[in-house]
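Take a look at the structure set out below.
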Amino acid sequence: MTHLPNLVLDLGLILGAAGIMTLVFKKLKQPLVLGYIIAGLLVGPHVKLFPTIVELENINVWAEIGVIFLLFSLGLEFSFKKLVKVGGASSIMAGVEVAVMLLLGYLTGKLLGWNTMDSVFLGGILSISSTTIIIRAFDELGVKSKRFAGLVFGVLIVEDLVAILLMVLLSTLAVSQQFAGTEMLLAVLKLAFFLAVWFLAGIFLIPTLLKKASKLMNDETLLIVAIALCFLMVILAAQVGFSPALGAFIMGSILAETTKAEKIEHLIMSVKDLFGAIFFVSVGILINPAMIVEYAGPIAVITVVTLVGKLVSISGGGLIAGQGLKTSIQSGMSVSQIGEFSFIIATLGLSLKVTSDFLYPVAVAVSAITTFTTPYMIKLSEPLYQSVERMLPRKWKKRLNEYSSGAQSISTASDWKILLRSYVVNMVVSSVLLVAIVLLSQNYLYPFMTEEVFPGTLGRVATVSIALILMLPFLWAMAVYHPQKEAQGRIWANRNYRSLIIVLEFTRVGIAILVIGFLLNRVLSVQVALVVSLLIIGLLVLFSKRIQNFYIRIENRFMSNLNAREIAAASSMTHTLVPWDAHLTSFEVAPNAAVVGKSMIELQIREKYGINVAVIEREDRTIMAPTRDERIFPGDKIFVFGTDEQIASFGDFINEASIPVQDGATTREEVGLQKLIISSDSMLHGRTVRESGVREKTKGLIVGIEKKGRRILNPDSELVIEEGDIVWIVGSPRRVRQLEAARQKV
């Protein structure tokens with residue numbers, strides 16, 4: 001009889017148990033994660049009713065691979081650009097929640113008599129909500145289109161990054177065994193530095209690699225390349241002292257910015273599901289039922305702290321962010337559970353041998369209970385809001401409404417704000433890249449040059465020379481580049497501010513000199529390093545044009561790679577959403593334009609040019625579907641929908657130059673082209689364009705109808721909408737989705 005390795009036997013047992021529990025939990029309509037945990041419990045060493053795994057160490061290796069794939073797929077869904085786009089409200093809510101739950105978790109652990117490390121890790125475990133469970137609950141309850149759901153998704157994105165930060169901080173704390181503020185700060189700075197370097201280098205190199213090799217890539221090669229990149233970053237992260245999971249997350253977030261992101265996500269799904277199942281089964285294997293029974297009291301206490309603490313912290317954060325009472329309470333009731341990252345943090349404590357054995361099963365038990373309560377919490381959110389509203393005094397409600405309205409007002413950025421922001425971003429990016437080049441030169445290039453190529457002084461000089469050549473574009477960007485020339489020019493025009501501009505310029509040059517001196521001082525004396533630094537600054541100014549051209553090419557390549565996914569999506573949307581030769585374009589009204597002061601009915605734009613004015617942006621507000629009495633003011637941005645010929649004719653009339661924008665590219669309320677397919681139960685069925693109420697309900701405009709294969713651009717207001725018609729609306733995607741949701745309920 002052929003002998004099978006224990007690893008194969010254990011893996012077969014794990015997957016067999018997981019497969020059975022998957023079917024059971026699918027039938028019960030419960031989260032599969034809980035099924036995997038129970039499967040692990042049944043085949044673990046603490047339950048003797050079923051066959052038991054033999055070698056737990058091997059399963060731990062598989063589980064660690066599972067964590068890598070889980071974090072890699074999470075990174076593919078994360079994207080740093082999503083984090084940038086997350087509103088201030090979601091960021092405030094997530095920040096308040098994490099701070100409150102860290103404190104509550106720590107205090108709860110102390111009140112239960114636990115040691116400091118157990119209490120600290122409990123705070124970390126309770127501070128992160130479960131993305132998987134929340135998304136599944138929103139899908140089942142049909143609330144994804146509601147306002148609070150968008151806020152919750154933003155909170156989850158911020159929490160993902162906070163979880164990565166917590167893993168680094170908790171690892172640092174576990175090693176030092178004390179709250180050393182300096183060590184914590186250094187750990188945060190180190191994480192921020194490496195995140196920036198990996199992101200900048202990754203976005204510059206990896207999309208270019210995938211693009212160059214696209215003709216050689218089929219599904220198989222793309223999968224292998226993506227996994228290879230993931231594990232290369234895992235190795236790199238481990239080499240610089242971070243967890244392997246962090247490297248996987250970073251590579252996933254880099255690939256999320258490429259045009260291959262959706263394809264990679266699809267290809268990696270099966271691999272992630274397989275190893276993810278192994279990870280969650282390993283979670284169950286470590287659970288001791290006797291431990292859960294023994295700690296039933298603490299589990300109940302921590303469950304209550306989780307449910308109440310997350311509700312209060314998220315709701316409070318929402319109120320601080322001006323989101324109103326109803327939205328805040330609904331958001332708070334949605335995130336009151338813990339999940340995947342909590343397991344990973346609990347596993348981290350075990351692997352570092354700094355937490356007690358009972359903390360892991362306690363965390364899993366709390367996760368299981370709060371997972372079951374999540375759908376009911378979401379359902380009860382509106383009744384809870386109504387009860388709270390009835391109890392609140394009228395004055396309080398009035399003040400909350402006033403605060404909410406004021407907090408959501410939009411202000412225009414000043415030239416100083418634009419200039420300083422651009423300077424800070426430019427300095428941070430340049431500094432990060434320069435420090436990275438210095439460190440690479442010191443740790444890798446210098447030993448190679450002095451030991452293998454040019455021993456002695458010549459090797460040091462060669463190292464410095466190569467490093468300076470690599471640094472020149474970024475030194476130029478730091479000392480000379482003006483990213484916001486227009487804003488700086490407007491400020492310079494005011495004589496009172498010229499001295500401040502001069503100070504800023506000298507500050508930039510001074511920092512550049514310090515960076516160069518930092519490198520040169522490693523091989524030259526301080527005096528010589530200072531003189532050479534000044535000479536290099538002079539060369540930067542002398543050869544500014546050539547260095548500028550090289551830097552601009554680098555910047556353009558980076559921005560092209562960063563925006564490639566959105567550009568590809570916009571390109572595909574052009575063919576899908578615009579079947580006619582028609583598109584959305586904006587014009588900015590000059591102060592001396594002939595149309596200034598005239599109303600829409602006076603201009604007769606549709607009658608003369610055949611186009612529709614869909615939106616007018618005016619200072620801090622957006623006028624959707626303007627009425628016939630709306631007047632044009634200087635500085636207005638007018639969004640119109642029409643064919644190329646119609647828009648060109650209109651452009652000659654309203655202004656000398658037009659400003660084309662991508663669909664929906666507004667800075668205030670999003671505007672885009674949306675389509676609705678009319679069914680027999682649609683509220684638009686059988687009504688004319690005028691009777692449809694689209695203008696009133698969505699603040700949008702019907703700009704086209706596809707009827708029985710015939711395309712009607714800018715349809716007449718008396719045209720009847722019938723079943724099977726495809727209606728195209730220019731307006732807010734959010735409002736159109738609300739209209740569609742209302743249609744589905746009819």
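The sequence shown maps to residues 1 to 746 in UniProt numbering.
Note that beta-carbon positions come from the ideal geometry of N, C-alpha and C, so glycine has one too.
Using CA coordinates, which residue listed in Y446, A467, P447, L419 is at the minimum distance from V435?
Across the set Y446, A467, P447, L419, the C-alpha of A467 shows the shortest separation from the C-alpha of V435.
Residue range of the beta strand (DSSP E) that N218 falls in?
Run containing N218: none; DSSP gives neither H nor E here.
Rounded C-alpha distance that separates R687 from A564
Taking the straight line from one Cα to the other gives about 41 Å.
By the three-class DSSP mapping on this structure, what secondary structure does S253 have?
Residue state, collapsed to three classes: helix.
Under the three-state reduction of DSSP, which class applies to L32: helix, strand or coil?
When DSSP states are grouped into helix, strand and coil, L32 belongs to the helix group.
Near I20, which residues of its chain fall below 8 Å by C-beta distance, leaving aside the five closest residues on each side in sequence?
Excluding the 5 residues flanking it on each side, I20 has same chain C-beta neighbours closer than 8 Å at A39, in chain order.
Given this structure, state the Cα-to-Cα distance separating D10 from V54, to the nearest angstrom.
When rounded, the distance between both Cα atoms is 7 Å.
What is the DSSP secondary structure of S599, counted as helix, strand or coil?
Note: S599 maps to strand in three-state DSSP.
Out of H685, K699, V730, G731, state which residue places its alpha-carbon closest to the alpha-carbon of L719.
It is H685.
Closest by C-alpha distance to I302, when choosing among S119, N592, P591, Y551
The residue with the shortest Cα to Cα distance from I302 is S119.
Under a three-way DSSP split, which group does L13 fall into?
Helix.
Quick one: is A89 near chain D, going by C-beta distance under 8 Å?
The displayed structure is made up of one protein chain only, and chain D is not part of it.
Closest to S328 by CA distance: which of L384, T374, V304 is it?
The residue from L384, T374, V304 with its alpha-carbon nearest to that of S328 is L384.
Expressed to the nearest angstrom, what Euclidean distance is found between the alpha-carbon atoms of G459 and M449?
Rounded to whole angstroms, G459 to M449 spans 5 Å at the Cα level.
Are the CB atoms of A477 and Y551 nearer to each other than 8 Å?
Closer than 8 Å, so yes.
Going by Cα to Cα distance, which pick from L440, G105, Y481 is closest to R546?
The residue with the shortest Cα to Cα distance from R546 is Y481.
Straight-line gap, S127 to R735 (C-alpha atoms, nearest Å)
Going by the C-alpha atoms only, they are around 33 Å apart.
Hey, would you say I647 sits closer than 8 Å to V727, going by beta carbons?
Against a cut-off of 8 Å, the Cβ pair of V727 and I647 comes out as no contact.
Check each candidate in A614, D681, R628, N714 and name the one with the smallest Cα separation from T698.
Ranking the options by Cα distance to T698, first place goes to A614.
For a test of the three-state rule: what should DSSP assign to I712, helix, strand or coil?
The three-state reading of DSSP puts I712 in strand, counting E and B together.
Look at the alpha carbon of L713 and the alpha carbon of P207, and state the distance between them as a whole number of angstroms.
When rounded, the distance between both Cα atoms is 39 Å.
On the DSSP bridge list, what partners appear for V730?
Answer by DSSP bridge pairing, in chain order: L673, L701.
Helix, strand or coil at R668 [DSSP, three-state]:
Residue placement at R668 cannot be trusted, given a pLDDT of 48 that sits under 50; what the coordinates show is reported in the next sentence. Residue state, collapsed to three classes: coil.
Those residues which DSSP pairs with R631 across a bridge
Answer is S599, bridged to R631.
Could you tell me the alpha carbon to alpha carbon distance between T370 and I605, rounded to whole angstroms?
Rounded to the nearest angstrom, the two C-alpha atoms are 58 Å apart.
So, using beta-carbon positions, are L104 and V335 closer together than 8 Å?
For L104 and V335, no; Cβs fall outside 8 Å.
Per DSSP, cross-strand counterpart(s) of V720:
V720 is bridged by DSSP to T688.
Between V438, S586, P473, which lies nearest to V464 when the distance is taken from Cα to Cα?
Nearest of V438, S586, P473 to V464, Cα basis: V438.
Should A213 go down as buried or exposed, given a rule of 16 or more other Cβ atoms within 10 Å for buried?
Of the residues assessed, A213 falls on the exposed side of the cut-off, its CB having fewer than 16 other CB atoms within 10 angstroms.
Please look up how many angstroms separate the CB atoms of F279 and A63, rounded, as I've assumed it's under 8 Å.
Contact between F279 and A63 is confirmed by a C-beta separation of about 5 Å, below the 8 Å threshold.
Give the DSSP bridge partners of E706, in chain order.
In DSSP, E706 forms a bridge with R711, I726.
What is the residue span of the alpha helix (DSSP H) that P591 lies within?
Counting along the chain, P591 falls outside any alpha helix (DSSP H), and DSSP gives it neither H nor E.
Member of V271, G318, P447 whose CA lies at the smallest distance from the CA of G154
Check the Cα spacing between G154 and each of V271, G318, P447: the tightest is with G318.
Would you kindly work out how many angstroms separate the C-alpha atoms of E97 and L392, rounded to a whole number?
The straight-line gap from Cα to Cα measures roughly 23 Å.
Could you tell me the distance, in whole angstroms, from the CA atom of S732 to the CA atom of M624?
Near 8 Å, if we compare the C-alpha coordinates of M624 and S732.
Curious, which full-length alpha helix (DSSP H) runs of at least 4 residues does the stretch 92 to 144 contain?
Counting only runs of 4 or more, we get 116 to 126, 131 to 141.
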